[in-house]
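Have a look at the structure below, then the notes.
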């Protein structure tokens, strides 16, 4: 079978050329960090109450907070940015000179879209929707060898016990604008966003979470159907021995596998994963659409899959002073522990925040409005801390949920497993030498997703076009704290740089932006 992605289409050849430029991206990444390191080599963390932190960083950023949300493609939230319909919800008017993005232009809107249903705007009143299919194989099939025209047939999943507004499988083509995802549009306009960032691979939540912290989904126990015969996670098994597990599970068994927590521990850098409901597996909340769900979802917690960083019994930290350091909690915490640490002036250097399920943005049990409340309340509160001047908040997503996005990224890592790969029928590329480490079932990059950096050092009202992926966040942390790379064919070695979203030169800094958690609009006094 011909591999049209690799051989036939000019657009595909352009995409392939991007993957060939990854090596050049690495060069610029290290060159830029060397300059930043030289400029800040004399800076040592020394906040009055943060006496346990003395590590140096390659940039002025001393605190990274990753807000890791669920299941959104770039077009699903930013298809028409910065132009909103302003017919419902919260009004949004773009500032003069706000840059446009690679969104849905007229050639891709109805009636011109190649999919069997046309893209359409979801209103503010339609925040509650069905969850879409976002399986590893089906997402590849939706891309249809680069034609991007089989979303309805392969990942569309309307009807059933959910709201599809009469669209059926065509719901997968829906998108919101700044009248519903108002806060994210405001953050994008005031700070830096990317319109060229992708899932590291195809598939659902667990692969995305694993890629964020390790850049690798291979080397796992084949105790679940979500793990292939190659030992690669492509589905959502739960972490072995987690006391909250309810079904099939797996864990990392390759002795060479590591994650960013291991690297930070080796450098004595404080860090933690903070997830809603971690302290109480039975806790529930109800979203604005009336859907009730448990706060804690085991397969969203990637560090639990690694014995070195797991806290299977969900033990609390031994004290607030130990949050971020190694004790019985082993860096795995409830969200409340993060705020306890912040209030005690003990904020970890690296923090991953995971909302309780009803606020994580995952269609079916969450929604953009509940998600907005979590994101805004989190950022408003961080902006009022004495750590804000050296903090970078990164808003990112674990997968696309299958929602339509028109842009295919470069295939930087191939896979040739006819049982699971379907990008061009039976494989994802036809060159075995382009399978990193020889580990199959890690086809990527996958779907395009939102990525926003909020920081005093973020470029203002800026859209970055650098090719990045989930492991670019991992790579930023590695290089900022000089931990070294993961190794064992982690895809961090191919990651594009986030540095173009920052401005570390002396001069004007981005101001704090306080928003209303309900409307997403600017407020003066939070």
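In our numbering, the protein residues as written are 247 to 772. A virtual CB, placed ideally from N, CA and C, is assigned to each residue, including glycine.
1) Rounded to whole angstroms, what is the Cα-Cα separation between residue 446 and residue 454?
2) Determine which residues share a DSSP beta bridge with residue 520 and list them.
3) In whole angstroms, what is the alpha-carbon distance linking residue 266 and residue 537?
4) From the DSSP output, which residues share a beta bridge with residue 637?
5) Measure from the alpha carbon of residue 547 to the alpha carbon of each residue in 515, 606 and 592, then state which is nearest.
6) What is the residue span of the beta strand (DSSP E) that residue 429 lies within?
7) Determine, using beta carbons only, whether residue 741 and residue 718 come nearer to each other than 8 Å.
8) When we look at the beta-carbon of residue 657 and count the other beta-carbons within 10 Å, is it buried (16 or more) or exposed?
9) So residue 531 is in the beta strand (DSSP E); what residue range does that whole segment cover?
10) Would you kindly work out how many angstroms separate the C-alpha atoms of residue 415 and residue 376, rounded to a whole number?
11) Measure the C-alpha to C-alpha separation of residue 604 and residue 529 and round it to an integer number of angstroms.
12) Output the residue ranges of the alpha helix (DSSP H) runs that lie fully inside the region 405-489 and measure 4 residues or longer, sorted by chain position.
13) Compute the Euclidean distance between the alpha carbons of residue 426 and residue 617, then round it to the nearest angstrom.
14) So the candidates are 596, 535 and 539; which of them puts its Cα closest to the Cα of residue 527?
15) List the whole-angstrom C-beta distance separating residue 481 from residue 463, where the pair is believed to meet the contact cut-off of C-beta under 8 Å.
16) Are the region 329-341 and the region 664-677 touching, with three or more C-beta to C-beta distances below 8 Å?
17) May I ask you to verify whether the region 387-404 touches the region 421-440, counting CB pairs closer than 8 Å and requiring at least 3?
18) Could you tell me how far apart the beta carbons of residue 549 and residue 498 are, in whole angstroms, since I believe they sit closer than 8 Å?
19) In whole angstroms, give me the CA-to-CA distance for residue 721 and residue 393.
20) What residue does the beta strand (DSSP E) around residue 383 start on, and which one ends it?
21) Quickly, what does DSSP pair residue 761 with across the bridge? List them, please.
22) Considering Cα atoms alone, identify which of 693, 511, 672 and 688 is closest to residue 648.
23) What residues in its chain sit with their C-beta under 6 Å from that of residue 608, if we drop five residues either side in the sequence?
24) Is the beta carbon of residue 395 closer than 8 Å to that of residue 361?
25) Fully enclosed by the region 649-727, which alpha helix (DSSP H) runs are 4 residues long or longer?
26) I need the DSSP call for residue 611, collapsed to helix, strand or coil.
27) Under a three-way DSSP split, which group does residue 338 fall into?
28) Hey, out of 729, 340, 442 and 541, whose CA is closest to residue 429's CA?
29) What is the C-beta distance between residue 522 and residue 551, in whole angstroms, given that I count them as a contact (C-beta under 8 Å)?
30) Which whole-angstrom value is the C-beta distance of residue 763 and residue 639, which I expect to be below 8 Å?
31) Rounded to a whole number of angstroms, what is the C-alpha to C-alpha distance between residue 357 and residue 351?
32) In the DSSP output, which residue or residues are listed as bridge partners for residue 373?
33) Would you mind giving the Cβ-Cβ distance between residue 505 and residue 459, rounded to the nearest angstrom? I have them listed as a contact below 8 Å.
34) Can you give me the Cβ contacts of residue 476 inside the same chain, cut-off strictly under 8 Å, excluding the 5 residues immediately before and after it?
35) Is the CB-CB distance between residue 470 and residue 441 below 8 Å?
In this structure, then:
1) When rounded, the separation of the alpha-carbon atoms in residue 446 and residue 454 is 7 Å.
2) Beta-bridge annotation (DSSP): residue 520 is paired with 579 and 599.
3) No answer about residue 266 holds up, because its pLDDT of 36 lies below 50 and its placement is not dependable.
4) Its beta-bridge partners are 309.
5) A check of alpha carbon separations from residue 547 across 515, 606 and 592 identifies 606 as the nearest.
6) No beta strand (DSSP E) contains residue 429, which is instead part of the alpha helix (DSSP H) from 428-436.
7) Yes, these two residues count as a Cβ contact at 8 Å.
8) Around the Cβ of residue 657, a 10 Å sphere holds 16 or more other Cβ atoms; the residue is buried.
9) Its beta strand (DSSP E) spans residues 530-532.
10) Rounded to whole angstroms, residue 415 to residue 376 spans 10 Å at the Cα level.
11) One alpha carbon belongs to residue 604, the other to residue 529, and they sit about 11 Å apart.
12) For secondary structure counted as the alpha helix (DSSP H) over 4 or more consecutive residues, the region 405-489 holds these complete runs in sequence order: 428-436 and 451-460.
13) Rounded to the nearest whole angstrom, the C-alpha separation of residue 426 and residue 617 is 11 Å.
14) Residue 539 is the option with its Cα nearest to residue 527.
15) Contact flag wrong, Cβ pair sits at about 10 Å.
16) These segments do not touch.
17) In short, these stretches do not touch, since the Cβ pair count stays below three.
18) About 10 Å; that fails the 8 Å criterion.
19) C-alpha of residue 721 to C-alpha of residue 393: approximately 31 Å in a straight line.
20) Not the beta strand (DSSP E): residue 383 falls in the alpha helix (DSSP H), residues 382-389.
21) Looking at the DSSP assignment, residue 761 forms a beta bridge with 768.
22) Among 693, 511, 672 and 688, the Cα nearest to that of residue 648 is on 693.
23) 316 and 317.
24) Yes, they are a contact pair.
25) As summarised for the region 649-727, the continuous alpha helix (DSSP H) elements at least 4 residues long and confined to that stretch are 716-726, given in chain order.
26) Residue 611 falls in the coil class under three-state DSSP.
27) Coil at residue 338, not helix or strand.
28) Answer by Cα proximity: 340.
29) Not quite, the Cβ-Cβ distance comes to about 19 Å (not below 8 Å), so this is no contact.
30) So it is not a contact: roughly 15 Å between Cβ atoms.
31) Cα-Cα distance, rounded: 12 Å.
32) Bridge pairing for residue 373: absent [DSSP].
33) In this structure residue 505 touches residue 459 by the C-beta definition: roughly 5 Å separates them, less than 8 Å.
34) Here the set comprises 464, 663, 685, 686 and 687.
35) No.
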